[in-house]
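Asker: Below you'll find the structure I mean.
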Amino acid sequence: MSNVCMHFLFQEFMIGKVAAYYVRPYHSLYHFKYWLRQRCEAKVKMMKESNKLDNLSDEIILDKCLENRSWVLQLFDSLKGLLKYAMDTGR
1 MSNVCMHFLF QEFMIGKVAA YYVRPYHSLY HFKYWLRQRC EAKVKMMKES NKLDNLSDEI
61 ILDKCLENRS WVLQLFDSLK GLLKYAMDTG R
């Protein structure tokens with residue numbers, strides 16, 4: 001990847017403490033979808049390694065993971081926590 005492309009992928013911004021305080025929760029919410037995908041991919045990989053499910057597609061394994069109510073609620077609690085953090089920060 002060229003330096004020009006890398007520059008656009010990893011931009012840094014200098015902001016003050018007050019702005020950082022308000023931006024941080026919204027930044028976390030913005031990246032939640034990426035974080036959620038990473039968690040799902042890690043769960044599928046773990047299931048494949050531990051249960052020898054190599055013959056099943058990732059989609060089928062993920063569907064089985066989504067049947068795990070406690071895991072889904074844990075992910076949902078993470079989202080609720082971020083939303084609460086953003087709401088509390090915005091007040």
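Residue numbers (full-length UniProt numbering): 1 to 91. Each residue gets a CB set at the ideal place from its N, CA and C atoms; glycine is no exception.
Would you call the region 66-78 in contact with the region 11-20, where contact means no fewer than 3 C-beta pairs closer than 8 angstroms?
Answerer: no
Asker: Is the beta carbon of methionine 46 within less than 7 angstroms of some heavy atom of the ligand SAM?
Answerer: Of ligands this structure carries none, so the ligand SAM is not represented either.
Asker: Taking all protein chains shown into account, do 16 or more other C-beta atoms lie within 10 angstroms of the C-beta of valine 18, making it buried, or fewer, making it exposed?
Answerer: The count along the sequence shown starts at 1 and reaches residue 18 at position 18. Exposed.
Asker: First and last residue of the alpha helix (DSSP H) that includes glycine 16?
Answerer: Numbered from 1 along the sequence shown, position 16 holds the residue referred to as residue 16. Premise fails: glycine 16 is in no alpha helix (DSSP H) and is neither H nor E.
Asker: For valine 60, count the other beta carbons within 10 Å of its own beta carbon; 16 or more makes it buried, fewer makes it exposed. Which is it?
Answerer: Position 60 of the sequence shown, counted from the start, is the residue given in the question as residue 60. The amino acid occupying residue 60 in the given sequence is isoleucine; valine does not appear at that position. So isoleucine 60 ends up on the exposed side.
Asker: Can you name the start and end residues of the alpha helix (DSSP H) that aspartate 63 belongs to?
Answerer: Walking along the sequence shown from the start, residue 63 turns up at place 63. Note, aspartate 63: alpha helix (DSSP H), 58-66.
Asker: Leucine 29 and leucine 82: beta carbons closer than 8 angstroms?
Answerer: Indexing the sequence shown from 1 puts residue 29 at position 29. Indexing the sequence shown from 1 puts residue 82 at position 82. Yes. Within cutoff.
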